[in-house]
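Residue numbers (the UniProt record's numbering): 1 to 206.
Heads up, the beta-carbon is just placed ideally off N, CA and C, and yes, glycines get one too.
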Amino acid sequence: MGLKGWAGCLVFTLLAGAVWATDQAPVKAKAEEKAQVLEEKAADKVSAAPAPKSEAITPTEVQAVDPAGTAPLDDPITCLARSIYWEAKGKDTPEMEAVANVVMNRLGHDGFPGTVCEVVKQGSETKSCQFSWWCDGKPDQVKEDAEYALAKEIAGKALNRQLPDRTHGALYFHDRNVHPSWAKEYTKTAETKKFLFYKPAGGDAR
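Okay, here's the thing in structure tokens:
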């Protein structure tokens with residue numbers, strides 16, 4: 001193929017990408033609007049039942065949010081998906097789902113913020129992040145598309161209240177390879193191949 005042919009293909013690809021992004025904009029906006037409503041209900045503990053079909057984020061909608069894994073962390077889907085991705089990517093699906101459970105369990109709980117993004121970023125102002133990936137100084141952009149797509153799928157289910165709580169109410173977790181001193185003061189609620197999960201013995205966050 002000649003230079004003109006390659007140039008034509010490049011222009012076509014760029015135009016197709018622009019058209020796709022334009023087509024996805026309304027889907028993305030709808031997903032983010034639904035996610036905010038679901039986030040507020042989760043924080044207020046309105047209901048533990050799965051969201052009605054009319055309110056639930058669809059798989060297509062959730063994948064339209066932050067497709068390249070480079071967007072700012074300023075909406076519930078992106079913040080939750082990116083946390084799932086960075087805390088548990090490369091591990092089994094149950095590990096990723098359990099991370100989502102912890103974020104959602106913290107949402108609106110006494111001692112934790114009332115939005116997903118605030119939960120994920122909590123402690124950053126004092127460099128004592130609750131989720132280590134947020135304060136590790138490394139770039140937060142996604143590197144594996146397939147794993148991030150799975151993280152977004154799990155995030156959508158979590159916000160829709162369609163995800164069983166594998167952690168049994170855990171508010172904290174750590175990798176099996178570390179032994180934090182705080183774990184001795186908490187009650188272990190569950191474990192997976194890679195993580196141990198806990199909640200305070202008295203039920204209050206600290």
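Taking D145 as part of the alpha helix (DSSP H), name the residues at either end of that continuous run.
Here the alpha helix (DSSP H) through D145 covers D145 to L159.
Test item: CB-CB of H168 and T192 under 8 Å:
no
Where the alpha helix (DSSP H) containing K121 begins and where it ends:
Here the alpha helix (DSSP H) through K121 covers V116 to K121.
Residue closest to F131, alpha-carbon to alpha-carbon, out of I154, E87 and F197:
E87
For K152 versus I77, is the C-beta distance shorter than 8 Å?
yes
Is it right to say F197 is buried, meaning 16 or more other beta carbons lie within 10 angstroms of its own, or is it exposed?
buried
Counterpart residues of L196 in DSSP-defined beta bridges
The beta-bridge partner set that DSSP reports for L196 consists of H174 and E191.
Within the same chain, show all residues whose beta-carbon is closer than 7 Å to that of R82, passing over the 5 residues directly before and after it, in chain order.
L73 and D140
How far does the alpha helix (DSSP H) with A100 in it extend, from its first residue to its last?
T93 to R106
Taking the continuous alpha helix (DSSP H) assigned at C79, which residues delimit it?
Unbroken alpha helix (DSSP H) run through C79: P76 to A88.
One question on the structure: do I57 and A100 come within less than 8 Å of each other, judged by their Cβ atoms?
Result no, Cβ atoms of I57 and A100 do not sit closer than 8 Å.
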